[in-house]
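> For the sequence shown, the residue numbers in full-length UniProt numbering are 1 to 654.
Glycine is no exception: its CB is placed at the ideal position from the N, C-alpha and C atoms.
Remember, it's a predicted structure, so these values are computed and weren't measured experimentally.
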Amino acid sequence: MTVSAGARLVLPPEDRASSPYTGYTRAHWEAAADGMLDAAWRWATPGGARLDLPGLPSHSGVRSDGLEGYARTFLAAGFRVAGAGGKDPNGLLERYSDGLDAGTRTPGRDDAESWPLILDHHVQGQPMVESASVALGLRLTRPWLWDRLASDVQDRAEHWLRGALRHVPAGNNWYLFPYTVAGFLESVGRGDAETARARERALELLEGWYRGDGWYADGDGRAFDHYNGWALHLYPLLDAHLAGDEEESARHGARLREHLESFSLMFGGDGAPLHFGRSLTYRFAAGAGVGLGAVTGHTPLTPGASRRVASGSLRYFLERGAVGDDGLLSLGWHGPHAATLQSYSGPASPYWASKAFVTLLAPAEHPLWVSPEEAAPSEGPDRVVSVQAAGFLVQSTRADGVVRLHNHGSDHVRPDEGESAADEDPHYARLAYSTVTGPTSAANAADNHLSVTVDGARSARRRIHPLGAGHGDGWGWAASWHLPVFPAGPSAVPGLRVESVTVARGRHELRVHRVLGAPDGARAELTGWATDPGGAVRSRLRGLHGWGVPEDVRAPQGTAFARWVTVPRLAAEVTGTVVLAALASLTADPEAALSDGASDGASDGRSDGTSDGELDEVVDRVEVAGGTVEVRWAEDGALTRIAFGRSTVTVDHG
């Protein structure tokens, strides 16, 4: 037997014959679920209604956090038992049955067992989130739990759940919580006009949030992140699958299939999902959409590739301290990491990771488990894929398994906020994210960022306006513009605007920016990837046109990947309209790092901040005339041409 980082999490021996990439089989998934559930239940209240896990409470309070512990672990238990055809060797369902009874006896009362009432999201919102997990757990285990409950317990559970149908969700994926509750009630013969309205409203909103390419915005703005997989695709397709509704399964499944065409590339060769967006403490829940696609058949991946991605993500976190010595999932990324969290993150929040166990709905004889593991998309040839709907450019390199996301479209800014001068969110505002680096915290120098400093105030990037994206054979591009805003000092400078273009090929990133309307004395700064100077991952940033000599900036608060990092930075004085071009790279390939040796921070004194060695190896020629930039690549002589128009950008490469 092998023991993971958590002392209570005991896994079977690896099976490298059927799983040559991860060694994980279905038995590993079952053991992981069993171990995490056993550890969590050690913190249950006497009646089992709450799992009061240790740690600082969220802003919702201890009682809500305890419900969260019950509900989110119930989801894992539901997948575990349903996938085993009702077999429950650890007696999980008896515990959840008792907890349901205790939690709904006197809901809203301030005692050890009673669940808080489900109210409007701005009053007491978290119980509405948890109602969906309770409903799904009951639906998955209906023959062995719900159908055996006394009628008064069923009635009390229904009454509590209906609070989700009668109160106002937040204006995003939250509408899928009453949708899921209504689906359960209808599945047990308790549907009515109220459940029908909840489902119709959620589907109506979901349709309005669909942007194409298999991607939904999480609400009316432009928030594109992991909520696509673990919420916006998961709830409607799983509902249709459990109901046996082939028409709805086909409709939602077609969108998931298209989503996975790009999203499945967003897992590194080490199994890591992209460190991007909010709620990252849910960790391997990022693979829920991949698992659901395999279970339902709505996926472009082979069963072996699906298992490799899903199991790779699970193993990645279990091997890096996500489960502590007490067997509990911690609040963070690898281990505990406060900057990864949101104010709604409580001790049990990480257990939305339970959604990854949707894979267990595939029985042991399913192709997901009997087909040999195959390479993940990021382990194939180098790829660059654009996602125009979201404004993404995804870049992967086979040599090191690193995946990078260039963000020209996701900002998590509400439509009613306008061009707000509030602080930017590091998990959305940066130009790029990856599977091996995290954004620096707001207290440090910002990585992957273009800022303009005016009168001592440095600008932020908040609302992002896409200008297009595309890709060809081995290359791709994405572009956007934003109005620099200033959290400190004047909220905005009239006429100041930044247009940004990223062109990716191989491991290199051509970053071109046009600054318009810069006042006298303004200064532009561009930063690259944040990395540990002594680590295996290396960051490069070199000026090609307009920039000064590069320097490294310390970020002592580090990232989710390293306690202490440095960020490469370029700077230039700007007035009026200025075009700036730079070359960046991120690599964990030792051979690539050696070939880039000329760009390790040394400069030959050229005014553009470049070294001859770097240009000779990567870029042969750079020409800038007006709003047009032409870059000749040294390796194959290809020419990239970027032309800035009036609120437009065109990019050609060949």
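(1) Where do the N-terminal and C-terminal ends of the alpha helix (DSSP H) with F392 fall, by residue?
(2) Return helix, strand or coil for G61, following the three-state DSSP convention.
(3) Please report the distance separating the alpha-carbon of L541 from that of T195.
(4) Specify, as a first and last residue, the run of the beta strand (DSSP E) that D552 falls within.
(5) How close, in whole Å, do the beta carbons of R507 and T587 come, if the pair is a contact with beta carbons under 8 Å?
(6) Between the beta-carbon of R514 and the beta-carbon of E525, is there less than 7 Å?
(7) With a CB to CB cut of under 6 Å and the five nearest residues on each side skipped, what residues in its chain are close to G55?
(8) Quick test of your reading: residue 707 and G277, contact by CB under 8 Å. State the CB separation rounded to the nearest angstrom.
(9) Beta carbon of Q557, beta carbon of S441: below 7 Å?
(10) DSSP three-state call for T527: helix, strand or coil?
(11) Below 7 Å CB to CB, which residues in the same chain sit around A443 once its five sequence neighbours on both sides are set aside?
(12) Between W564, G543 and D326, which has its C-alpha nearest G534's C-alpha?
(13) Given Y344, which residues of its chain have a CB within under 6 Å of its CB, disregarding the five upstream and five downstream residues?
(14) When the Cα atoms are used, what is the spatial distance from T531 to T648?
(15) For a test of the three-state rule: what should DSSP assign to P300, helix, strand or coil?
(16) With 16 other CB atoms within 10 Å as the buried threshold, where does L639 fall?
(17) Let me know the secondary structure DSSP gives S647 once reduced to three states.
(18) Give every residue of the same chain whose Cβ lies closer than 6 Å to the Cβ of G495, excluding the five residues on either side of it in the sequence, and list them in chain order.
(19) Judging by CA-CA distance, which residue of R139, L136 and W41 is the nearest neighbour of G99?
(20) With a CB to CB cut of under 6 Å and the five nearest residues on each side skipped, what residues in its chain are close to S451?
(21) Measuring only the C-alpha atoms, how far is Q388 from A294?
(22) Would the segment 402-413 count as touching the segment 221-235 if we require 3 or more Cβ pairs under 8 Å?
(23) Checking the sheet assignment: what are the DSSP bridge partners for W475?
(24) Start and end of the beta strand (DSSP E) containing T453?
(25) So, helix, strand or coil for F177, using DSSP?
(26) At which residues does the alpha helix (DSSP H) containing E248 begin and terminate?
Looking at the coordinates:
(1) Annotation: F392 is outside any alpha helix (DSSP H); the continuous beta strand (DSSP E) that includes it extends over F392 to T397.
(2) Three-state result, G61: coil.
(3) Cα-Cα distance, rounded: 55 Å.
(4) Here the beta strand (DSSP E) through D552 covers E551 to A555.
(5) 5 Å between Cβ atoms; contact.
(6) No, the pair does not count as a contact, with Cβ atoms beyond the cut-off.
(7) Closer than 6 Å at the Cβ level, and outside the excluded window around G55, lie P347.
(8) Limits of the chain in this structure are 1 at one end and 654 at the other, which puts residue 707 out of reach.
(9) The Cβ atoms of Q557 and S441 sit closer than 7 Å to each other.
(10) In the structure shown, T527 sits in a strand (DSSP, three-state: E or B).
(11) Residues Q557 of the same chain have their beta carbon placed closer than 7 Å to that of A443, with the five preceding and five following residues left out of the count.
(12) Closest option to G534, Cα to Cα, is W564.
(13) Around Y344: S58.
(14) So the two alpha carbons sit approximately 33 Å from each other.
(15) The DSSP-derived three-state label of P300 is coil.
(16) By the neighbour-count definition (other C-beta atoms within 10 Å, threshold 16), L639 is an exposed residue.
(17) Three-state result, S647: coil.
(18) If the five residues before and after G495 are omitted, its C-beta is found closer than 6 Å to the C-beta atoms of G517, all from its own chain and listed in chain order.
(19) It is W41 whose Cα lies nearest to the Cα of G99.
(20) Result list for S451: R458, S459 and E525, in chain order.
(21) Approximately 25 Å between the Cα atoms of the pair.
(22) Yes: the two stretches touch, three or more of their Cβ pairs being nearer than 8 Å.
(23) Bridge partners of W475: G472 and R505.
(24) If you look at T453, you'll find it in the beta strand (DSSP E) that goes L450 to V454.
(25) F177 falls in the helix class under three-state DSSP.
(26) Run containing E248: E246 to F263, per the alpha helix (DSSP H) assignment.
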